[in-house]
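Residue numbers (UniProt numbering): 1 to 107. Following: one structure in structure tokens, then a few remarks.
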Ligand code: FES
């Protein structure tokens, strides 16, 4: 299992043991983490799974592809250099300890 830490807009953290092969978005939804809407179900078409990658093995994340990069222009909260679509972050052991912060709103 890989520990993914979700931090809400108020600063509260929740650590979840996530199975490999699932996305950071899927694990959040499956575990009732508030703050991820994921309207499109993970197709990189809605930008309502926006997160800010704050800490952990950030350098292990692949760069956003062209589709994710374009959708990140449509986030409800401002895009920052550490903005990602959580549906595009596939969990593997190399991401153990990843901290993602949830924006105040997704729509
Ligand atoms: S769930 Fe829609 S872009 Fe990630």
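The C-beta atom is built at its ideal place from N, Cα and C for all residues, glycine as well.
Query: Compute the minimum distance between the beta carbon of residue 85 and the heavy atoms of ligand 1, and state whether it is under 7 Å.; Result: yes
Query: Who are the near neighbours of residue 8 in its chain, counting only those whose CB is closer than 7 Å to its CB and skipping five residues on each side?; Result: 34, 35 and 102
Query: For the pair the region 6-20 and the region 57-71, tell me if three or more CB-CB distances fall below 8 Å.; Result: no
Query: For a test of your reading of the model: does the CB of residue 42 fall under 7 Å from any non-hydrogen atom of ligand 1? Yes or no.; Result: yes
Query: Pull up the distance between the alpha-carbon of residue 95 and that of residue 57, whole angstroms please.; Result: 6 Å
Query: Tell me whether residue 54 counts as near ligand 1, meaning its Cβ is closer than 7 Å to at least one heavy atom of that ligand.; Result: no
Query: Threshold first: 4 residues or longer. Then list the alpha helix (DSSP H) segments lying entirely within the UniProt domain "2Fe-2S ferredoxin-type" (2-106), N to C.; Result: 24-30 and 66-71
Query: Applying the criterion that 16 or more other CB atoms from any shown protein chain within 10 Å of the CB defines a buried residue, is residue 88 buried or exposed?; Result: buried
Query: Leaving out five residues on either side along the sequence, give the residues of the same chain with a beta carbon under 7 Å from the beta carbon of residue 44.; Result: 67, 68, 71, 85, 87 and 88
Query: May I ask you to check if the CB of residue 38 is nearer than 7 Å to at least one heavy atom of ligand 1?; Result: yes
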